[in-house]
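**Student:**
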Amino acid sequence: MKRFFLRSVFGLLCVSASSTAWAAEVLRVLAWPGYADSDWVSEFEKRFDARVEVTFIDTDEALWDKLSKNRGENFDVFAANTAEMQRYIDQAIAAPVKPVRIPNTKKQLPRFRRVEKIPSINRDGYLYAIPFVYSEMGLIYDKKQIKQAPVSMNELWNKKYIGKVVLHDGSNHNFSFTALTIGIKDPFNLNKQEMARSVNRLLELRDQKPFFYNSPEEGTQAFIKNKAALMFANYGMQQLKLLRAAGADVGYIVPKEGALAWLDCWAISIKAKNKMLAENWINFMLDKSVSNELTQRQGLANTLSKSNLSARDKIIWIQSSEDFALRSQYWDRIRAGNARNGNNRPKKPIL
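Residues -23 to -1, 1 to 328 (mature numbering (1 follows the signal peptide of the UniProt record, and there is no 0)) are what the sequence shown spells out, left to right.
1) Cutting at 7 Å between CB atoms, please list the residues of its own chain near residue 240, excluding the five before and the five after it.
2) Do you know offhand how far residue 133's Cα is from residue 245's?
3) With a threshold of 16 other CB atoms inside 10 Å of the CB of residue 125, please say whether the residue is buried or exposed.
4) According to the neighbour-count rule (16 or more other Cβ atoms, all chains shown, within 10 Å of its Cβ), is residue 213 buried or exposed?
5) Along the chain, where does the beta strand (DSSP E) containing residue 228 start, and where does it finish?
6) Report the residue from 136, 218, 150, 215 whose alpha carbon sits nearest the alpha carbon of residue 184.
7) Am I right that residue 215 and residue 276 are in contact with their C-beta atoms under 8 Å? What's the rounded C-beta distance?
8) Taking the alpha helix (DSSP H) that residue 32 belongs to, which residues open and close that run?
9) Going straight from the alpha carbon of residue 196 to that of residue 248, what length do you get?
10) Inspect the beta-carbon positions of residue 37 and residue 120 and report whether they are closer than 9 Å.
11) For the stretch 151 to 163 and the stretch 298 to 309, state whether three or more C-beta atom pairs, one from each stretch, are separated by less than 8 Å.
12) Should residue 39 and residue 4 be called a contact, given that it needs their Cβ atoms to be closer than 9 Å?
13) Whole angstroms are fine: how far does the CA of residue 253 sit from the CA of residue -2?
14) Can you tell me whether DSSP reads residue 267 as helix, strand or coil?
15) Return the residue from the list 242, 238, 192 that minimises the CA-CA distance to residue 219.
16) Around the Cβ of residue 211, are there at least 16 other Cβ atoms within 10 angstroms (buried) or fewer (exposed)?
17) Using the DSSP secondary-structure output, state which residues sit across from residue 188 in a beta bridge.
18) Using only CA atoms, which one of 54, 233, 224 lies nearest to residue 261?
19) DSSP three-state label for residue 166, please.
20) Any heavy atom of the ligand SAM closer than 8 Å to the beta-carbon of residue 213?
21) Would you check if the stretch 267 to 275 and the stretch 8 to 25 touch, i.e. whether three or more CB-CB distances between them fall below 8 Å?
22) Any idea what DSSP makes of residue -1, helix, strand or coil?
23) What residue ranges within the stretch 30 to 98 form continuous beta strand (DSSP E) runs of no fewer than 3 residues, ordered along the chain?
24) When you compare the CB positions of residue 269 and residue 286, do they come within less than 9 Å of one another, or not?
25) Whole angstroms is fine: what's the gap from residue 201's alpha carbon to residue 35's?
26) How long is the line joining the alpha carbons of residue 164 and residue 156, rounded to whole angstroms?
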């Protein structure tokens, strides 16, 4: 998230090597690392006598860049979170899908079978994506430096942690979680005044001299190398799993103001060359053995098994933002450290 995984490789095109290299049917998959591991790809290729080409991306922006060109004609099936799906529906990039053609949807938990209750993936009576995995975005802290578990994401702004904060390098979620910390009720639809407040608050966070990451692996490296105290866990429990595996003594909380949570889905490109093969891919990924193995490998919750979230944890499913482009423009300036003007107010956006 969205939004993802124990990633050793990202942003690269990986073509699986198998005995099906010259198969007539090719499936082109666009996904987050961890969603198309080589052993699963090999098994799918054998089962369906096809060749799978996987392109990995590491940000929502990169996903949009790949799919917005020629309305996704270079891919057959892709993974995107529910908040992002609205863009792909708006631009006629995603094609309607029918759960009846994906039998394993019947094995999903009730909340994910009731797809009509997930507005972001529905439009005019048509369904455009199938839920796959999800995670909340909590706060990770170093137990050696912070003896008592923090309770709020506001701890990221604590001046005693200057140079010890790790942040995800993404515009959308950073604006949303920041809006929550200053009491904005709807973090996904900021008016002008709320946007200004959020920009200034993010500028204050930039003053903490944070380290940035895109992938979970980068986050782990930044946290350990820089002896960080706090991390905004854009990939949630997955990052906790990675850090502990690397020997870090870390804790994890869902902050009192609530944690943003993303739900990643599989969608089919409107220009898919083989829609049936794309449906088979989604059904394959929803096989219980694959979904449960993904949870074991990545620490992410799947849509077939119950998660470990407490009933007391406040989870806020992410939605489409009021202006993705504006958030991106502001974040680029904040990230570069040049978003202030003489009056300490955000500059007028370039629209």
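Using N, Cα and C, we set each Cβ at its ideal position, and we do this for glycine too.
Nothing here was measured: the structure is a model prediction, and the numbers come from that model.
**Tutor:** In short, the structure shows the following:
1) Reading the sequence shown from its first residue, position 263 is the one you call residue 240. Same-chain partners within the cutoff: 58, 59, 108, 111, 294.
2) Here the question's residue 133 lines up with position 156 in the sequence shown. Here the question's residue 245 lines up with position 268 in the sequence shown. If I take the Cα positions, the gap works out to 38 Å.
3) Position 148 of the sequence shown, counted from the start, is the residue given in the question as residue 125. Exposed: under 16 other Cβ atoms inside 10 Å.
4) The count along the sequence shown starts at 1 and reaches residue 213 at position 236. Buried: at least 16 other Cβ atoms inside 10 Å.
5) Counting from one through the sequence shown, the residue named residue 228 turns up at place 251. Here the beta strand (DSSP E) through residue 228 covers 227 to 230.
6) On the sequence shown, position 207 is the one that residue 184 refers to. Distances from the alpha-carbon of residue 184 to those of 136, 218, 150, 215 put 136 closest.
7) On the sequence shown, residue 215 is found 238 positions in, with the first residue counted as 1. On the sequence shown, residue 276 is found 299 positions in, with the first residue counted as 1. With a Cβ gap of about 4 Å, residue 215 and residue 276 count as contacting.
8) By 1-based counting over the sequence shown, the position of residue 32 is 55. Membership of residue 32 in any alpha helix (DSSP H) is not indicated; the residue belongs instead to the beta strand (DSSP E) covering 27 to 33.
9) Residue numbering aside, residue 196 sits at position 219 when the sequence shown is read from its first letter. Residue numbering aside, residue 248 sits at position 271 when the sequence shown is read from its first letter. Cα to Cα, the separation comes out at about 35 Å.
10) For the purposes of this step, residue 37 is taken as the residue at position 60 of the sequence shown. For the purposes of this step, residue 120 is taken as the residue at position 143 of the sequence shown. Their beta carbons are not under 9 Å apart, which means residue 37 does not touch residue 120 by this criterion.
11) Short answer: they touch.
12) Taking the sequence shown and counting its residues from 1, the one referred to as residue 39 is at position 62. Taking the sequence shown and counting its residues from 1, the one referred to as residue 4 is at position 27. No, they are not a contact pair.
13) Here residue -2 corresponds to residue number 22 of the sequence shown, with the count starting at 1. Here residue 253 corresponds to residue number 276 of the sequence shown, with the count starting at 1. Here residue -2 scores only 46 on pLDDT, less than 50, and its place in the model should not be relied on; the value that follows carries that caveat. So the two alpha carbons sit approximately 19 Å from each other.
14) Numbered from its first residue, the sequence shown carries residue 267 at position 290. In the structure shown, residue 267 falls within a helical segment according to DSSP collapsed to helix, strand and coil.
15) Sequence index remark: in the sequence shown, residue 219 carries index 242 (1-based). The residue with the shortest Cα to Cα distance from residue 219 is 192.
16) Numbered from 1 along the sequence shown, position 234 holds the residue referred to as residue 211. When all chains shown are included, residue 211 counts as buried.
17) Here residue 188 refers to the residue found at position 211 of the sequence shown. Answer is 143, bridged to residue 188.
18) Locating residue 261 in the sequence shown gives position 284, where the first residue counts as 1. Considering only 54, 233, 224, the residue with the shortest C-alpha distance to residue 261 is 54.
19) Walking along the sequence shown from the start, residue 166 turns up at place 189. In the displayed model, residue 166 falls within coil according to three-state DSSP, outside both helix and strand.
20) This structure lacks the ligand SAM; in fact it carries no ligand of any kind.
21) These segments touch.
22) What you label residue -1 is simply residue 23 of the sequence shown in a count that begins at 1. Unreliable positioning characterises residue -1 in this predicted model, as indicated by a pLDDT of 44, which lies under 50. A coordinate reading is not provided.
23) Within the stretch 30 to 98, the complete beta strand (DSSP E) runs of at least 3 residues are 54 to 58.
24) Reading the sequence shown from its first residue, position 292 is the one you call residue 269. Reading the sequence shown from its first residue, position 309 is the one you call residue 286. Cβ atoms of residue 269 and residue 286: not closer than 9 Å.
25) Taking the first residue of the sequence shown as position 1, residue 201 is located at position 224. Taking the first residue of the sequence shown as position 1, residue 35 is located at position 58. Those two C-alpha atoms are separated by around 21 Å.
26) Translated into positions along the sequence shown, residue 164 becomes position 187. Translated into positions along the sequence shown, residue 156 becomes position 179. Each residue's alpha carbon lies about 5 Å from the other.
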